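**Q** Sharing a structure, written as C-alpha cells. Questions coming.
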Amino acid sequence: MTIGLDTRLREVLGKKTSEALSEGLGLDTVGDLLGHYPFRYAQRGERTDLGALEIGEEVTVAAQVRAAIPKSFVPKGRGRGGRPGGKPRDLLEVIVADEAGRTLTLTFFNQAWRAKELVAGRWGLFAGKVAQFRGRLQLNSPQYQLLAEDAVTGPADSAASAIEEFAGTLIPVYPATAEIPTWNIAKAIHTVLDMVPDPPDPLPRSLRERLSLLGYGTALRQVHRPDSHEALGAARRRLKWQEALVLQAVLVRRKAEAAGEAATAYPRGGVLPEAFDSRLPFALTEGQRRVGDEIADELAGEHPMHRLLQGDVGSGKTLVALRAMLQVVAHGGQAALLAPTEVLAAQHHRSIVEMLGDLARGGELGAPPEATRVALLTGSATAAQRRTVLDEVKTNTAGIVVGTHALLYDGVDFADLGFVVVDEQHRFGVEQRDALRAKADRPPHTLVMTATPIPRTVAMTVYGDLETSRLTELPAGRTPIATHVVPYTDQRWMARTWNRVREEVAAGRQAYVVCPRVGETDQKTNGGDEAAAFAETDGDKRPPLAVVDVIEQLRGSALSGLRLGLLHGRLDADEKDRVMRGYAVGEIDVLVATTVIEVGVNVPNATAMVVLDAERFGISQLHQLRGRVGRGSHPGLCLLVSEAAEGSSSRERLDAVASTTDGFALAELDLEQRREGDVLGAAQSGMKSHVKLLSLLKDADIIEAARAEATELIGADPELKGEPGLAVLVDDLAADRGEFLEKG
Ligand code: ADP
Ligand code: MG
14 MTIGLDTRLR EVLGKKTSEA LSEGLGLDTV GDLLGHYPFR YAQRGERTDL GALEIGEEVT
74 VAAQVRAAIP KSFVPKGRGR GGRPGGKPRD LLEVIVADEA GRTLTLTFFN QAWRAKELVA
134 GRWGLFAGKV AQFRGRLQLN SPQYQLLAED AVTGPADSAA SAIEEFAGTL IPVYPATAEI
194 PTWNIAKAIH TVLDMVPDPP DPLPRSLRER LSLLGYGTAL RQVHRPDSHE ALGAARRRLK
254 WQEALVLQAV LVRRKAEAAG EAATAYPRGG VLPEAFDSRL PFALTEGQRR VGDEIADELA
314 GEHPMHRLLQ GDVGSGKTLV ALRAMLQVVA HGGQAALLAP TEVLAAQHHR SIVEMLGDLA
374 RGGELGAPPE ATRVALLTGS ATAAQRRTVL DEVKTNTAGI VVGTHALLYD GVDFADLGFV
434 VVDEQHRFGV EQRDALRAKA DRPPHTLVMT ATPIPRTVAM TVYGDLETSR LTELPAGRTP
494 IATHVVPYTD QRWMARTWNR VREEVAAGRQ AYVVCPRVGE TDQKTNGGDE AAAFAETDGD
554 KRPPLAVVDV IEQLRGSALS GLRLGLLHGR LDADEKDRVM RGYAVGEIDV LVATTVIEVG
614 VNVPNATAMV VLDAERFGIS QLHQLRGRVG RGSHPGLCLL VSEAAEGSSS RERLDAVAST
674 TDGFALAELD LEQRREGDVL GAAQSGMKSH VKLLSLLKDA DIIEAARAEA TELIGADPEL
734 KGEPGLAVLV DDLAADRGEF LEKG
C-alpha cells in the first residue's frame, strides 16, 4: 500500500493508538500526526526549569531521581459518606531534581515497588499535572519513562536500552494527554516516518533554492528525529516559512479581492458633518485630523475601506469614528457601531447623542433639517423599545445605530448600512463581525478600533488584510496620571491610600476601586479524587480579592460614609446601566468594580483609581484600567496595591506600569512576557491551529519576508495556477478563514 499524508492513521497504526491519537489529540491522518510537532526537546542534564512550573499545568519534565522515600498515611476523613479516617496506605515519595538543583516531588500510592527502579541517579521523563501540597510542587502518580543509565554502567548496557537515542541528543517532547504520553506519540511517529515516502513539496522551488530551505520531507523527518541542533534549526525554519507563506498568501489575496469590490461612495463634506465640526468645543488633534482625512477619502472612494485604527486610551478614537459616520449619514447611508459590552454601548450612545446635541433630534420639532437620530440596541431593551428601534433602523430614521451583539440578530434590518465601526475589536469573534457586515447590501466600509497597541508583525498577521492608522498623541489639556505601587501589607500606606480616595471625594471628584474577582459563586469545586484530597493545602495562597467582599469591608471602615456602587459582569443589564448612570451623574462617589470598566468607560470627573491585587492583572490591562482616570481637567492618580515582593517579576511589571504612561512601550513589554497563544487572542482559534511553529513575536524577519514573497506570487498569479501544491494549502486555510480572519 502507498502511504501519503492523507492516509488514515487507523490503517497504519494499532487500534488503541490510533483511537487515543484521534480522541485525545484530534489526529486522524498521517499528515495530522506528522504535523503534531514536538513543543520542545529534552536532553539529559538539560536545564528543565522546575522552578517555572505552574500549578494545574500538564507537564513533561526531564529530571534526575534524588531519593525515593516510602511512607504511609491515613486518608483524611472527608468526602464519600463522611467516614472518618481509613486504613493506612502506602505512599512512595520520590524527589527528582533539575540541573540547577530545584526539586519536585512525585507521589505514588500503593506502588512501593517503584522504589526499585526509581533509584537515585537515574534520569527520566516524568509526565503529569502539577499540584501543590504544603507549599511544594508535586506530580501525583505521574507517568514516566526512565532514560538509559549513565555511561558509568558501560556502553554495552546502555546500547541495549530501548531508549538509547537519549544518549544521543534531542528527545522530542510532544503535547500529550493522559491516554497517550509523549513517548507513545513518538513511537507512532517513528512508525509512520519509516513507512511514508517524502511528500510533494508545496513551496515554490525557486524560493527554496534562493533561501536554501530544506525539502518538506526532510524537514518533517528532522523536526521529529533531529540529527543535531543544526538540523533541527533548519527543519524548523523551513516549516515556519511554509506557515508564514501560506498565511500571507491568504491575506494578500483577500486584500486584493477586497480592493476590487465595489462599495457605495460617500463624498466628503455635507451639511451635517460641517455643522458638527463647527460646534466642536475643542480643536482636533493633529492625529485626529490626519486619520480623519485618510478615512474621509476612503469613504468617498469606490472600494470598501478596511481599516484598523489604533490609539491609546483617551486618544479620541470615538470622535474620529463619529465624524466618519456623519459623512456616511450625510449622504443617505447608515452607520453601525458595535461595542463589546452593554455598559460601553450605552455609554457610546450617550456620548454620541451628547456630542451631536440637536443634530441627534432628527424628526423632532425645531431640530435642524440635517439632523439624524441615534438608536441604541442591546439585549436588555424591552419589547416596546426594541420595536421602536427596529423601526427606526429599517426606515433609516436612525442614521447611527449603536449596539452590542444584539445588533447581529435576525430581525435587525438596516435600510442602507454603509459603514460598520467595531470598537475594541479584540472582544469580538470574527463570526459576529461578519454577521453584521452581512446585513449590508453591498460590502460596507469597515473601521476596527483598538486601544491595545499591536506590534507590526502581529498586525501584519492577525490584521494582514487591513490598512492601519495610529493616533499617537493625546488631546491637549490632559493632565498626566501619577501611578504608585502600594504594598498591601503596609498598614500606613494602606491607610494613606484610602485617605487619598476620601480627599478626592471631598474635593468633589470620584474614584474607582478595582478587584480581580467577582466573588459569590465563583468557587472552584473540588474533585473527589485522591489527588485533589491530597492537594488540599495548609499553606495555599489566599484567593484573589472579590468585589462583593471588598465593598462590604470598605463600607464598614475605610470608606464609611461615602456613597459606594458595585459593578461587575454578573449583574443584570438594567442594574449595570443604573449603576453606571448613577456614577456618571455623580450620585455614586466610589465605584467598586471588576475589569468591566477596563474598556472605554468615560467619566471625566473620576480622578482616582485603586487597583487591589494589582499583580493579578496584565500590563496592558492595568494601563487600560488607569486610562479611566484623568480624563478631565484634574490630575489623575492610580494606586496599584499588591503583595508582590520587591524585586519579584510581578513587582517589576507593576513598577514598569508606574514608570511610564506610554501605552506602546508597555504593550511591547507585555508581549515579551505573554505567551504566543495569548497574542492571537481567543477569536483566532483557526489561525492558532495553522500557525504552530511560527512565532508572531520572534519570527518577524520570516513574516516580513514571506509577506513580500506572497505579494509578488499573488500579484503575478492570483490563482496560484503555477504552484498547485501551495494553492491547495492556501485554499484550505482560506476556507477556514471565517474562524480567524477579519472578513474583508
Ligand atoms: P478613546 O476612545 O480613544 O479612548 P475617546 O474618543 O473616548 O477616546 O475620547 C476621550 C475623551 O476625549 C472624550 O471625552 C472626548 O470627548 C475627548 N476628546 C476627543 N478628542 C478631543 C480633542 N481633540 N480635544 C479635547 N478633547 C477631546
Ligand atoms: Mg473608546
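Mapping the sequence shown onto my numbering, position 734 (from 1) lands on 747, and the numbers just tick up by one. Glycine included, C-beta positions come from ideal geometry on N, C-alpha and C. Bear in mind that the values here come from a model prediction, so they are computed numbers and not experimental data.
Going by DSSP, name the residue or residues bridged to S646.
**A** By 1-based counting over the sequence shown, the position of residue 646 is 633. For S646, which the question treats as bridged, DSSP gives no partner whatsoever.
**Q** In its own chain, which residues sit with a C-beta less than 6 Å from the C-beta of P188, not counting the 5 before and 5 after it?
**A** For the purposes of this step, residue 188 is taken as residue 175 along the sequence shown, with counting starting at 1. The answer, listed in chain order, is F52.
**Q** What residues match up with Y54 in a beta bridge as DSSP calls it?
**A** Here the question's residue 54 lines up with position 41 in the sequence shown. DSSP output for Y54 lists P185 as bridge partner(s).
**Q** From the DSSP output, which residues share a beta bridge with R530?
**A** The count along the sequence shown starts at 1 and reaches residue 530 at position 517. Partner(s): A559.
**Q** Got a sec? Which residues, its chain only, sit under 7 Å from G37 by beta carbon, not counting five neighbours each side?
**A** Here the question's residue 37 lines up with position 24 in the sequence shown. Leaving aside the five residues that flank G37 on each side, the residues in its chain whose CB is nearer than 7 Å to its CB run, in chain order, T190, E192, I193.
**Q** Just grab the DSSP bridge partners of T116 for me.
**A** For the purposes of this step, residue 116 is identified with residue 103 of the sequence shown, where counting begins at 1. In the DSSP assignment, T116 forms a beta bridge with A110.
**Q** What residue ranges within the region 581-664 form continuous beta strand (DSSP E) runs of no fewer than 3 residues, ordered along the chain?
**A** 603-606, 619-624, 649-655
**Q** Can V623 and F630 be called in contact, C-beta distance under 8 Å?
**A** Position 610 of the sequence shown, counted from the start, is the residue given in the question as residue 623. Position 617 of the sequence shown, counted from the start, is the residue given in the question as residue 630. No, these two residues do not count as a Cβ contact at 8 Å.
**Q** Measuring only the C-alpha atoms, how far is S655 from P456?
**A** Locating residue 655 in the sequence shown gives position 642, where the first residue counts as 1. Locating residue 456 in the sequence shown gives position 443, where the first residue counts as 1. One C-alpha to the other measures close to 49 Å.
**Q** Could you tell me which residues DSSP puts in a beta bridge with A495?
**A** The count along the sequence shown starts at 1 and reaches residue 495 at position 482. Its beta-bridge partners are L650.
**Q** Counting beta carbon pairs with one atom in the region 18-35 and one in the region 201-215, are three or more of them shorter than 8 Å?
**A** yes
**Q** Taking the C-alpha atoms as reference points, what is the distance between L742 and I198?
**A** Taking the sequence shown and counting its residues from 1, the one referred to as residue 742 is at position 729. Taking the sequence shown and counting its residues from 1, the one referred to as residue 198 is at position 185. Distance between the alpha carbons of L742 and I198 is about 25 Å.
**Q** Within its chain, find whatever has a CB closer than 6 Å to the CB of G392; leave out the 5 residues flanking it on each side and keep chain order.
**A** On the sequence shown, position 379 is the one that residue 392 refers to. So the qualifying residues of the chain are A419.
**Q** Terminal residues of the continuous alpha helix (DSSP H) containing P83?
**A** Reading the sequence shown from its first residue, position 70 is the one you call residue 83. Here P83 belongs to no alpha helix (DSSP H); instead the beta strand (DSSP E) covers 71-86.
**Q** For R483, report the span of its beta strand (DSSP E) as first-last.
**A** Locating residue 483 in the sequence shown gives position 470, counting from the first residue. Note, R483: beta strand (DSSP E), 480-484.
**Q** Check for me: the beta strand (DSSP E) holding M462 runs from which residue to which?
**A** Reading the sequence shown from its first residue, position 449 is the one you call residue 462. Note, M462: beta strand (DSSP E), 458-463.
**Q** Checking 8 Å against the spacing of the C-beta atoms, do V531 and R594 come in under that value?
**A** As a position in the sequence shown, residue 531 is number 518, starting the count at 1. As a position in the sequence shown, residue 594 is number 581, starting the count at 1. No.
**Q** Among residues of its own chain, excluding the 5 on either side of P317, which ones have a beta-carbon nearer than 6 Å to its beta-carbon?
**A** Numbered from its first residue, the sequence shown carries residue 317 at position 304. Around P317: E274, A276, P456, H458.
**Q** So, is A597 buried or exposed, given that buried needs 16 or more other C-beta atoms within 10 angstroms?
**A** Position 584 of the sequence shown holds residue 597. Looking at its Cβ environment, which holds 16 or more other Cβ atoms inside 10 Å, A597 is buried.
**Q** Rounded C-beta distance between L285 and E367? I'm assuming under 8 Å.
**A** Position 272 of the sequence shown holds residue 285. Position 354 of the sequence shown holds residue 367. The pair is not a contact, with the Cβ atoms about 16 Å apart (cut-off 8 Å).
**Q** Flag V326 as yes when its Cβ comes closer than 7 Å to any non-hydrogen atom of the ligand ADP, and as no otherwise.
**A** Residue 326 sits at position 313 when you count from the first residue of the sequence shown. Yes; taking the cut-off as 7 Å, the Cβ of V326 has a heavy atom of the ligand ADP nearer than that.
**Q** Given that a residue counts as buried once 16 or more other Cβ atoms are within 10 Å of its Cβ, and exposed if not, what is K253?
**A** In the sequence shown, counting from the first residue as 1, residue 253 sits at position 240. Classification for K253: buried.
**Q** Kindly indicate which three-state DSSP category R292 falls into: helix, strand or coil?
**A** Counted from its first residue, the sequence shown places residue 292 at position 279. Of the three classes helix, strand and coil, the one that applies to R292 here is helix, per DSSP.
**Q** Go ahead and pull the three-state DSSP assignment for I176.
**A** Along the sequence shown, read from residue 1 onward, the residue named residue 176 stands at position 163. Unreliable positioning characterises I176 in this predicted model, as indicated by a pLDDT of 39, which lies under 50. The coordinate reading is nonetheless provided below. Reduced to three states, the DSSP call for I176 is coil.
**Q** Does A695 pass the burial test, meaning 16 or more other C-beta atoms within 10 Å, or should it be called exposed?
**A** The count along the sequence shown starts at 1 and reaches residue 695 at position 682. With a pLDDT of 38 at A695, under the threshold of 50, the modelled position of that residue is not reliable, and the figure given next carries that caveat. With fewer than 16 other Cβ atoms within 10 Å, it is exposed.
**Q** At a cut-off of 7 Å, is T331 close to the ligand ADP when judged by its beta-carbon and the heavy atoms of the ligand?
**A** What you label residue 331 is simply residue 318 of the sequence shown in a count that begins at 1. Look at T331: its beta carbon is less than 7 Å from one of the heavy atoms in the ligand ADP.
**Q** Name, in chain order, the residues that DSSP records as bridge partners for V387.
**A** Here residue 387 refers to the residue found at position 374 when the sequence shown is read from its first residue. Paired residue(s): I413.
**Q** List the endpoints of the continuous alpha helix (DSSP H) containing D714.
**A** The sequence position of residue 714 within the sequence shown is 701, counting from 1. It spans 713-729 - the alpha helix (DSSP H) in which D714 sits, taken as one unbroken run.
**Q** With distances taken between CB atoms, is the gap from A75 to L138 smaller than 8 Å?
**A** Within the sequence shown, numbered from 1, the residue matching residue 75 stands at position 62. Within the sequence shown, numbered from 1, the residue matching residue 138 stands at position 125. Cβ distance < 8 Å, so A75 and L138 count as in contact.
**Q** Leaving out five residues on either side along the sequence, give the residues of the same chain with a beta carbon under 7 Å from the beta carbon of T410.
**A** Numbered from 1 along the sequence shown, position 397 holds the residue referred to as residue 410. Around T410: G375, G376, R386.
**Q** Who are the near neighbours of G552 in its chain, counting only those whose CB is closer than 7 Å to its CB and skipping five residues on each side?
**A** Within the sequence shown, numbered from 1, the residue matching residue 552 stands at position 539. Legend: pLDDT at G552 = 38, less than 50; position of this residue unreliable, value from coordinates given subsequently. Answer for G552: R147, G148, listed in chain order.
**Q** Taking only the alpha-carbon atoms, compute the straight-line gap between D503 and A359 and give it to the nearest angstrom.
**A** What you label residue 503 is simply residue 490 of the sequence shown in a count that begins at 1. What you label residue 359 is simply residue 346 of the sequence shown in a count that begins at 1. Their Cα atoms are separated by approximately 39 Å.
**Q** My understanding is that A606 touches L580, with C-beta atoms under 8 Å, so please give their C-beta distance in whole angstroms.
**A** On the sequence shown, position 593 is the one that residue 606 refers to. On the sequence shown, position 567 is the one that residue 580 refers to. Beta-carbon to beta-carbon, A606 and L580 are separated by about 4 Å, close enough to satisfy the 8 Å threshold.
**Q** Pick from A571, H237, Q523: whose alpha carbon is nearest that of W511?
**A** Position 498 of the sequence shown, counted from the start, is the residue given in the question as residue 511. It is A571.
**Q** So, with DSSP's three-state summary, where would you put K142?
**A** In the sequence shown, counting from the first residue as 1, residue 142 sits at position 129. The answer is strand: DSSP assigns K142 an E or B state.
**Q** Out of E270, Q145, H497, point me to the one whose CA is closest to D668's CA.
**A** Sequence index remark: in the sequence shown, residue 668 carries index 655 (1-based). Ranking the options by Cα distance to D668, first place goes to H497.
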